[in-house]
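Participant: A single structure is presented below for examination.
Below you can see the structure in the form of structure tokens.
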């Protein structure tokens, strides 16, 4: 195990969720999930209080809701109130910008969205551009224009689905070169676990029908590489697929990068447990700050010792 040097101003007992400059950002694709009641949210937690509880353990979240609909000003303010300066959101640009307009002629919509999210600008770790499979090599000039127009202070992640961008040919090299040129992160989708087994549950069947099945290219094009890992609901079947990430993520940390690790499971019921398990595996490779307990009962026990 290799030591990660924590900032001298921070106690080595500080939790991952406390650190404003952590070695790793660990989170999931949502903070509110009904099946997490009692096993993750303390008894009596209301739906509007779930983000605050989530942010006590994890230090990032993928904000999928903005892909489908823009939040109200009041909702943005509530998200800010529920988190600290140590927390980072990764919000998707709205679907009309990325999928309907394919990044073209969208300046007004982009400006409106960025203005709406202004109260959270300091807590947005990654502005996410998720592109459809129809966005291929012929559309790279549109991506270049879009990235050029983004403020240089914004950290951007790009997720692609077109097969040419996974073929290790000239088209993929052109994409990677473009991202490196603009300091944008290529988001890595690892959906191998849900496609490696028969669809023996409704959750797996749904995942195999909806999730992209693309090759895993563990390339970092900027300083905050993001891995989206979609796990098998049978948790013990995931370790074999995480083995390479146990090596790659510590390598990125040692290079001075801050990886984002976003954990899904097919229905997300077991996502908190899988995220904590993978974090434990990473601590066997590199020294990391402790993760806060998942269980509300463990929180109560921990507090009684203080």
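In this note's numbering, the protein residues as written are 1179 to 1484. In this text, a Cβ means the ideal position worked out from N, Cα and C, and glycines have one as well. These numbers come from a predicted model, not from an experiment.
Do residue 1457 and residue 1268 have their C-beta atoms within less than 8 Å of each other?
Facilitator: The residue given as residue 1457 occupies position 279 in the chain shown. The residue given as residue 1268 occupies position 90 in the chain shown. No, these two residues do not count as a Cβ contact at 8 Å.
Participant: Roughly how many angstroms separate the alpha carbons of residue 1336 and residue 1318, rounded to a whole number?
Facilitator: Against the chain shown, residue 1336 aligns to sequence position 158. Against the chain shown, residue 1318 aligns to sequence position 140. In a straight line, the C-alpha of residue 1336 is about 12 Å away from that of residue 1318.
Participant: Under a three-way DSSP split, which group does residue 1270 fall into?
Facilitator: Taking the first residue of the chain shown as position 1, residue 1270 is located at position 92. Strand, per DSSP.
Participant: Name the DSSP beta bridge partners of residue 1407, please?
Facilitator: Indexing the chain shown from 1 puts residue 1407 at position 229. DSSP lists 1368 and 1441 as partners of residue 1407.
Participant: Please classify residue 1226 as buried or exposed, where buried requires at least 16 neighbouring CB atoms within 10 angstroms.
Facilitator: Mapped onto the chain shown, residue 1226 falls at position 48. That one is exposed.
Participant: Specify the secondary structure class of residue 1278 as computed by DSSP and reduced to three states.
Facilitator: Along the chain shown, read from residue 1 onward, the residue named residue 1278 stands at position 100. Reduced to three states, the DSSP call for residue 1278 is helix.
Participant: Applying the 10 Å Cβ sphere with the 16-neighbour rule, what's the burial state of residue 1266?
Facilitator: Working through the chain shown from its first residue, we reach residue 1266 at position 88. Buried, because 16 or more other Cβ atoms sit within 10 Å of the Cβ of residue 1266.
Participant: Looking only at its chain, what residues have a beta carbon closer than 7 Å to the beta carbon of residue 1264, apart from the 5 residues adjacent to it on each side?
Facilitator: Residue numbering aside, residue 1264 sits at position 86 when the chain shown is read from its first letter. The residues are 1195, 1196, 1197, 1198 and 1237.
Participant: Under three-state DSSP, which class holds residue 1422?
Facilitator: Along the chain shown, read from residue 1 onward, the residue named residue 1422 stands at position 244. The answer is helix: DSSP assigns residue 1422 an H, G or I state.
Participant: Is the separation between the beta-carbon of residue 1471 and that of residue 1221 shorter than 8 Å?
Facilitator: Within the chain shown, residue 1471 is the residue found at index 293, counting from 1. Within the chain shown, residue 1221 is the residue found at index 43, counting from 1. Result no, Cβ atoms of residue 1471 and residue 1221 do not sit closer than 8 Å.
Participant: Which runs of the alpha helix (DSSP H) spanning at least 4 residues fall entirely within the segment 1303 to 1357, listed in chain order?
Facilitator: Within the segment 1303 to 1357, the complete alpha helix (DSSP H) runs of at least 4 residues are 1318 to 1327.
Participant: Taking buried to mean at least 16 other C-beta atoms within 10 Å of its own C-beta, is residue 1418 buried or exposed?
Facilitator: Reading the chain shown from its first residue, position 240 is the one you call residue 1418. Classification for residue 1418: exposed.
Participant: Can you tell me which of the three DSSP states residue 1434 falls into?
Facilitator: For the purposes of this step, residue 1434 is taken as residue 256 along the chain shown, with counting starting at 1. In this structure, residue 1434 counts as coil in the three-state DSSP scheme.
Participant: Got a sec, what are the start and stop residues for the beta strand (DSSP E) residue 1206 sits in?
Facilitator: Position 28 of the chain shown holds residue 1206. Note, residue 1206: beta strand (DSSP E), 1203 to 1206.
Participant: If you draw a straight line from the alpha carbon of residue 1360 to that of residue 1200, how long is it in whole angstroms?
Facilitator: Position 182 of the chain shown, counted from the start, is the residue given in the question as residue 1360. Position 22 of the chain shown, counted from the start, is the residue given in the question as residue 1200. Going from the Cα of residue 1360 to the Cα of residue 1200 covers about 24 Å.
Participant: Return the CA-CA distance between residue 1427 and residue 1316, expressed in angstroms with no decimal places.
Facilitator: Translated into the one-based positions of the chain shown, residue 1427 becomes position 249. Translated into the one-based positions of the chain shown, residue 1316 becomes position 138. Cα to Cα, residue 1427 sits roughly 32 Å from residue 1316.
Participant: With DSSP as the reference, identify every bridge partner of residue 1215, one or two as the case may be.
Facilitator: Here the question's residue 1215 lines up with position 37 in the chain shown. According to DSSP, which records beta bridges pairwise, residue 1215 is partnered with 1219.
Participant: What separation, rounded to the nearest whole angstrom, lies between the Cα atoms of residue 1374 and residue 1409?
Facilitator: Along the chain shown, one-based indexing puts residue 1374 at 196. Along the chain shown, one-based indexing puts residue 1409 at 231. Approximately 10 Å, taken between the alpha carbons.
Participant: State the beta-bridge partners of residue 1238 as determined by DSSP.
Facilitator: For the purposes of this step, residue 1238 is taken as residue 60 along the chain shown, with counting starting at 1. DSSP output for residue 1238 lists 1205 and 1266 as bridge partner(s).
Participant: For residue 1363, list the residues DSSP reports as bridge partners.
Facilitator: Counting from one through the chain shown, the residue named residue 1363 turns up at place 185. DSSP, once it has assigned bridges, lists 1335 as partnering residue 1363.
Participant: Whose C-alpha, out of 1282, 1353, 1223 and 1258, is nearest the C-alpha of residue 1295?
Facilitator: To locate residue 1295, count along the chain shown from 1; it is residue 117. Of the candidates 1282, 1353, 1223 and 1258, the one whose C-alpha sits nearest the C-alpha of residue 1295 is 1258.
Participant: Pull up the distance between the alpha-carbon of residue 1219 and that of residue 1232, whole angstroms please.
Facilitator: Position 41 of the chain shown holds residue 1219. Position 54 of the chain shown holds residue 1232. So the two alpha carbons sit approximately 8 Å from each other.
Participant: In chain order, what residues of the same chain have a beta carbon less than 8 Å from the beta carbon of residue 1379, not counting five sequence neighbours either side?
Facilitator: For this step, residue 1379 is matched to residue 201 along the chain shown. Cβ neighbours of residue 1379 beyond the five flanking positions: 1411 and 1444.
Participant: Rounded C-beta distance between residue 1363 and residue 1310? I'm assuming under 8 Å.
Facilitator: Against the chain shown, residue 1363 aligns to sequence position 185. Against the chain shown, residue 1310 aligns to sequence position 132. Incorrect: roughly 19 Å between the Cβ atoms, too far for contact.
Participant: Residue 1384 and residue 1213 look like a contact to me (Cβ under 8 Å); what is the Cβ gap, rounded to whole Å?
Facilitator: On the chain shown, position 206 is the one that residue 1384 refers to. On the chain shown, position 35 is the one that residue 1213 refers to. Rounded, the Cβ-Cβ distance is 15 Å, inconsistent with contact.
Participant: Suppose contacts are defined by Cβ-Cβ distances below 8 Å. Is residue 1274 in contact with residue 1287 by that definition?
Facilitator: By 1-based counting over the chain shown, the position of residue 1274 is 96. By 1-based counting over the chain shown, the position of residue 1287 is 109. Yes, the pair counts as a contact, with Cβ atoms nearer than the cut-off.
Participant: Report the residue from 1455, 1454, 1416 and 1465 whose alpha carbon sits nearest the alpha carbon of residue 1429.
Facilitator: Counting from one through the chain shown, the residue named residue 1429 turns up at place 251. Among 1455, 1454, 1416 and 1465, the Cα nearest to that of residue 1429 belongs to 1465.
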